[in-house]
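What follows is a single structure, written as structure tokens, with notes after it.
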Amino acid sequence: MLKGERQALILSKLQEDKKVLSSDLSMQLNVSEDTIRRDLKELASEGKLLKVHGGAIITSQNLYAYKENEIYDHDKKL
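First residue of the sequence shown: 1, per full-length UniProt numbering; consecutive thereafter.
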């Protein structure tokens with residue numbers, strides 16, 4: 001399997017499950033965990049995922065965002 005195909009499959013799996021494990025991907029794609037780690041590192045450097053211990057999670061613009069109404073309510077109290 002080519003690198004581009006692997007990375008596309010990793011990203012589609014992330015879209016479905018919101019997280020992936022290196023060990024699971026290694027078995028599913030029939031490649032070593034080192035290969036998966038390299039793919040995850042490259043995809044993370046491109047901003048397509050967030051690498052975590054043992055795998056990766058999907059990136060989101062709202063990952064650490066506050067709700068607008070909470071900020072509004074806080075300002076209203078002051």
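Think of the CB as a built atom: it goes at the ideal place given N, C-alpha and C, for glycine as much as any other residue.
Distance CB(residue i)-CB(residue j) smaller than 7 Å
i	j	result
L14	L49	yes
K3	I58	no
Rounded distance between the beta-carbons of residue j and residue i, thought under 8 Å
i	j	result
V20	A56	5 Å
L40	R6	With 8 Å as the limit, L40 and R6 do not qualify as a contact, their Cβ atoms being about 10 Å apart.
Beta-carbon proximity list for residue i, same chain, < 6 Å, skipping 5 on both sides
i	result
I36	S22, L25, S26
Same chain, Cβ closer than 8 Å to residue i, neighbours up to 5 away in sequence not counted
i	result
H53	none
S32	S26
G47	T59
Own chain, CB closer than 7 Å to residue i, minus 5 neighbours either side, in chain order
i	result
K51	L40, K41, A44
Which ranges does the beta strand (DSSP E) cover as unbroken runs of at least 3 residues, wholly within the UniProt domain "HTH deoR-type" (3-58), from first to last along the chain?
19-21, 49-52, 55-58
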